[in-house]
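Below is one structure, written out as structure tokens; the observations come after it.
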Amino acid sequence: MEGIPAMNLILIVCDTLRRDFLGCYGNDWISTPHIDRFAAQSVVFDRAYAGSFPTVPNRHDLFTGRYTFIDSQWQPLGRDEVVLAAELGKVGVTSMMVIDEPHIVENGYYYDRGFTGWEWIRGQESDRWQTSPAHPPMPCDPAKLRSPETLVTTHQRNTFGRRSEEDTFVARTMAASCRWLERNWREHDRFFLYVDTFDPHEPWDAPQWYVDRYDPGYQGNEVTYPIYGPCDYLTPAELQHARALYAAEVTLVDRWVGRLLEKIEDMGLLQSSLVVLTTDHGFLHGEHGLIGKSHITPEWSRYVPLYEEIAHIPLIIHYPGCTPRREGAIAQPADIMPTFLEIAGAPDTGTMHGRSLWPLLQGQATPGREFAVTAPTILHGAAAGTRITVTTDEWSFICAGKPPAVGDFETRAVDGLAKRETAGEALGSELYHLPSDPRQQHNLIAERPDVAADLRWRLVAFLEELGAAPELVEPWR
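Positions 5 to 481 (the working numbering) are the ones given, in order, by the sequence shown.
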């Protein structure tokens with residue numbers, strides 16, 4: 005496109021990377037020097053929010069430029085959908101996917117569609133990779149673990165032969181990405197490199213020396229994959245240690261993402277590439293009495309409110325000639341595809357909901373979003389605890405469907421597994437004034453019904469503008 009220099013495009017996604025666990029977003033007790041250094045050279049978005057939730061729906065937004073929660077759920081990528089890698093290929097951009105995130109490629113999910121090439125680093129979480137040992141050791145009392153017979157057993161089996169830090173998934177993924185750059189940096193006029201690591205998502209299994217930074221001398225259950233929901237089944241020491249396990253995983257991710265960022269810089273690619281670092285959502289570590297990002301039991305699953313700890317995400321962007329700064333405009337994952345297409349000189353597909361961030365990055369005055377919308381799928385109405393979070397400069401409105409939802413429907417979208425028994429109690433809306441209550445401790449839904457009504461009206465208008473089916477909009481009126 006005229007006026008935009010030719011650039012490579014690099015997108016790095018670290019799953020479940022909580023924003024306020026990074027030094028560049030104000031954390032003062034977790035070591036993240038490499039990401040912090042990258043942020044100091046870049047545009048750091050202070051008001052980036054998740055869009056479609058959780059894992060797979062987020063990638064759906066990234067790859068289509070749409071708020072896909074209005075018409076899809078945790079499901080394979082449609083073969084007729086207009087996707088980022090394919091559109092870039094039409095204008096001569098070579099694309100490569102390097103991932104250890106299993107959910108978007110296993111079981112025919114087909115998110116590699118459109119990429120020129122792709123490499124899957126095997127073994128993360130649910131990936132059915134290894135078959136021995138038949139009965140791997142559990143990290144702690146199985147009663148405290150989410151899906152010990154499936155997810156945890158599979159992970160323990162897949163990592164049984166690990167001998168060094170270089171064998172961790174994030175290390176292998178970043179090393180593979182570095183190798184691809186070494187072999188391809190001069191092979192193509194322009195390239196798009198998509199790097200997706202499931203870390204720091206649980207199971208948390210960073211080397212012990214990382215854990216000892218944050219909870220030295222701990223003797224107790226290593227709850228590496230906690231049951232999602234109320235955290236009162238954990239002792240205070242176990243909860244603190246779970247937080248330390250996650251912090252250790254964040255520092256591990258920082259080190260190996262740092263290796264990739266150093267490789268990009270060493271090869272001179274920072275001067276010829278747009279580099280984006282982000283995540284899909286955060287994680288609760290005891291805030292609001294919860295651990296995880298939803299409420300999952302063997303019998304049923306439901307969503308929990310998408311509080312700031314989950315919805316507010318990091319987004320850091322570097323481009324050639326970048327002037328480092330903090331950016332206060334709202335951005336969401338659906339904005340990535342239109343940004344990349346504009347930079348690559350590809351035409352508007354006519355299918356995207358997102359807005360290119362390129363004019364904003366260039367300091368141009370552009371109409372900004374008045375609010376962000378973060379939501380699970382609305383295909384099942386307000387079932388399974390579905391609530392939509394609307395965030396403005398001032399307010400966080402967690403909108404329950406009307407009438408208050410009673411969960412009694414399939415909950416596949418929560419974690420990809422179909423379960424039909426849910427908790428069943430009624431759910432209500434919540435309203436928080438973020439400037440005075442950033443931790444969302446004081447629900448003002450009763451005191452400020454005017455604000456809640458206005459934000460509900462704006463949400464409904466937004467859903468209609470996106471083209472959501474009328475019957476799917478109706479529960480939110």
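Using N, Cα and C, we set each Cβ at its ideal position, and we do this for glycine too.
Item: Could you name the residues of the same chain whose beta carbon sits closer than 6 Å to that of I8, not counting the 5 residues immediately before and after it, in chain order?; Value: I347
Item: Could you spell out the range, first to last residue, of the alpha helix (DSSP H) harbouring H205?; Value: Element bounds for H205: n/a, residue is neither H nor E.
Item: Any idea which residues DSSP pairs P298 with across the strands?; Value: For the sequence presented, residue 298 should be read as Ser rather than Pro. Per DSSP, Y307.
Item: Around the Cβ of G272, are there at least 16 other Cβ atoms within 10 angstroms (buried) or fewer (exposed)?; Value: exposed
Item: Roughly how many angstroms separate the alpha carbons of D284 and D19, rounded to a whole number?; Value: 6 Å
Item: Quick one: what does DSSP say A472 is sitting in, helix, strand or coil?; Value: coil
Item: Shortest alpha-carbon distance to R391 belongs to which of A473, P371 and L431?; Value: L431
Item: For the segment 128-214, which segments carrying the beta strand (DSSP E) assignment without a break, of at least 3 residues, lie completely within its bounds, in sequence order?; Value: 195-201
Item: Taking 8 Å as the cut-off, decide whether the C-beta atoms of I16 and L264 are in contact.; Value: yes
Item: Name the DSSP bridge partner or partners of Y250?; Value: The partner list for Y250 (beta bridge, DSSP) is empty, contrary to what the question assumes.
Item: Using three-state DSSP, classify E313 as helix, strand or coil.; Value: helix
Item: Check this for me: beta carbons of R22 and E206, under 8 Å apart or not?; Value: no
Item: Hey, quick one: how far does the alpha helix (DSSP H) through W362 stretch, first residue to last?; Value: W362 to L365
Item: Identify the continuous alpha helix (DSSP H) that holds H38 and give its terminal residues.; Value: P37 to A44
Item: Going by C-alpha to C-alpha distance, which of H139, M142 and G127 sits closest to D171?; Value: G127
Item: In the DSSP assignment, find the unbroken beta strand (DSSP E) run with M11 in it and report its ends.; Value: It is not in any beta strand (DSSP E) - M11 carries neither H nor E in the DSSP assignment.
Item: G389 and W480 - do their beta-carbons sit closer together than 8 Å?; Value: no
Item: As an exercise, report each continuous beta strand (DSSP E) stretch of at least 3 residues that is fully enclosed by the segment 89-114, in chain order.; Value: 98-103
Item: Is P439 closer than 8 Å to E398 when the C-beta atoms are compared?; Value: yes
Item: Have a look at the DSSP bridge pairing and note the partners of V512.; Value: The question about residue 512 has no answer, for the chain in this structure spans 5 to 481.
Item: Determine the closest residue to I320 out of N447, P380, L365 and G358, with distance taken between C-alpha atoms.; Value: L365
Item: Run through the segment 382-410 for me and flag every whole beta strand (DSSP E) of 3 or more residues, listed as ranges in chain order.; Value: 391-395 and 399-404
Item: Tell me which residues share the same chain as V97 and place their Cβ nearer than 6 Å to its Cβ, disregarding the 5 neighbours each side in the sequence.; Value: R194, F196 and A348
Item: Taking the straight line between their C-alpha atoms, what separation do you get for A44 and A52?; Value: 17 Å
Item: For a test of the three-state rule: what should DSSP assign to E226, helix, strand or coil?; Value: coil
Item: So, using beta-carbon positions, are T396 and T378 closer together than 8 Å?; Value: no
Item: So Q134 and N111 are in contact, right, with Cβ under 8 Å, and what is the actual spacing, rounded?; Value: About 17 Å; that fails the 8 Å criterion.
Item: Is the Cβ-Cβ distance between I382 and L476 less than 8 Å?; Value: yes
Item: Nearest by alpha-carbon distance to T36: which of Q212, P453 and E253 is it?; Value: E253
Item: State the start and end residues of the unbroken alpha helix (DSSP H) segment that holds T343.; Value: I340 to A348
Item: Grab the span of the beta strand (DSSP E) containing V377 for me, first residue to last.; Value: A376 to T378
Item: Which word fits H289, buried or exposed, when buried means at least 16 other C-beta atoms lie within 10 angstroms of its C-beta?; Value: buried
Item: Three or more C-beta pairs under 8 Å: does that hold for the segment 297-314 against the segment 27-35?; Value: no
Item: Are the segment 216-233 and the segment 112-120 touching by the rule of at least three beta carbon pairs closer than 8 Å?; Value: no
Item: Do the CB positions of W124 and I103 come within less than 8 Å of each other?; Value: yes
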